[in-house]
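Note that the sequence shown covers residues -20 to -1, 1 to 272 in mature numbering (1 follows the signal peptide of the UniProt record, and there is no 0). Virtual Cβ for every residue (Gly too), placed ideally from N, Cα, C. Comments concern the structure below.
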Amino acid sequence: MLKVAITLAALLAVPGAAFAQTSEAQPPIEKREKRTDASPISAYKIILVGDSTMAPGSGWASVFCAYHVKSNVACLNMGRGGRSTRSYRAEGSWDIALNEAKAGGYAKKYVLIQFGHNDQSTKAERWTDLNTDFQSNLRQMVLDVRAAGAVPVLVTPLSRREFRGGKLNNTLAAWADAVRKIGVETKAPVIELNRDSAKAVEQLGAVESTKLAMAEPLAEEIAAARAGTTLRPRPAPESPPASTLPKTGPRGRTALKFDYTHVGEAGAKVFAKIVAYDLAVAVPELSSQLLP
């Protein structure tokens, strides 16, 4: 009661003080323009579908969404680690992506599709045959996206940064060729990420390109790159036991590993910029919505 009395006394001591902020919070009605309705927005949606080289924490796509699209573009990174054209569909992720592509309210919707790394794998649930499964899966994805009312955009797989004898060993070149083939066959635009990421890595060279990885290179890895032949990728570190994680707040963790496939922030910036440029070239109608 005493506290209330003191507060009232303070307000009475300064007449009008309690109302000064209210009157300054907005301009008087006579100074405002006559009210009208806002014009309808032309909103766009970009859905990114692919593997870990696209996924949050290990790929380029989150940086693409953060820095290379305008504010009226909804940009959704649905890249997932360890997925191939086969496993992404089998687990149900593809159906989720198609549901996103069916959403209304957008002037136009685009689905960027990048696979190859895990189709090349030997793991039971991942691998596909380059000349049969991989191409038929991509072909069906293009048809599915169009049926959902969106525009399919194929992306050739991000180049690995392995060097042999001083030259880049682009192990995904044949898979990129297969993506181009399906692009021509289905008349779908193709982003030349494999070609242009390989060029960027070659320009950087074996040593500088080690800095694009998720983790810092060791001295021996730098020495091998300087000699012209990179070492084998380091195994991923084990995730911390649940007992060591904080009891409150975010508990998810991304294992920071050094290899020649996945990218950290520096690598994501390099390749996201390439994707933005190549997307504007492949889909000119979207160029005004992209930032360099």
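Same chain only: Cβ atoms within 6 Å of residue i, ignoring 5 sequence neighbours per side
i	result
residue 132	91, 122, 125, 168
residue 42	36, 57
residue 182	148
Bridge-paired residues (DSSP) for residue i
i	result
residue 27	56, 91
residue 143	148
residue 270	49
residue 134	93, 170
Contacts around residue i, its chain only, beta-carbon distance under 7 Å, and the 5 residues preceding and following it disregarded
i	result
residue 237	194, 195, 214, 216, 217
residue 71	none
Burial state of residue i (16 or more Cβ within 10 Å)
i	result
residue 98	buried
residue 115	buried
residue -16	The predicted position of residue -16 is uncertain, since its pLDDT is 49 and thus under 50; no value can be drawn from it.
residue 239	buried
residue 130	buried
Own chain residues within Cβ distance below 8 Å of residue i, not counting five before or after
i	result
residue 149	140, 142, 143
residue 166	119, 122, 123, 132
residue 66	99, 105, 106, 107, 108, 113, 117
Contact belief for residue i with residue j at Cβ below 8 Å, rounded distance in angstroms
i	j	result
residue 230	residue 256	Not quite, the Cβ-Cβ distance comes to about 29 Å (not below 8 Å), so this is no contact.
residue 40	residue 248	5 Å
residue 134	residue 163	5 Å
beta-carbon residue i near the ligand GDP non-hydrogen atom, thresh 7 Å
i	result
residue 102	By its list of ligands, the structure shown contains no ligand whatsoever, and the ligand GDP lies outside what it can speak to.
Cβ contact check for the segment 177 to 190 and the segment 134 to 146: 3 or more pairs under 8 Å: Verdict: yes, contact present.
Cβ contact (3+ pairs, closer than 8 Å) linking the segment 55 to 75 and the segment 24 to 34: Using a Cβ-Cβ distance cut-off of 8 Å, the segment 55 to 75 and the segment 24 to 34 are in contact, since at least three pairs of beta carbons, one from each stretch, lie closer than that value.
Segment contact flag, the segment 147 to 157 with the segment 170 to 189, C-beta cutoff 8 Å, min 3 pairs: yes
Stretch pair the segment 83 to 90 + the segment 10 to 25: three plus CB contacts closer than 8 Å: yes
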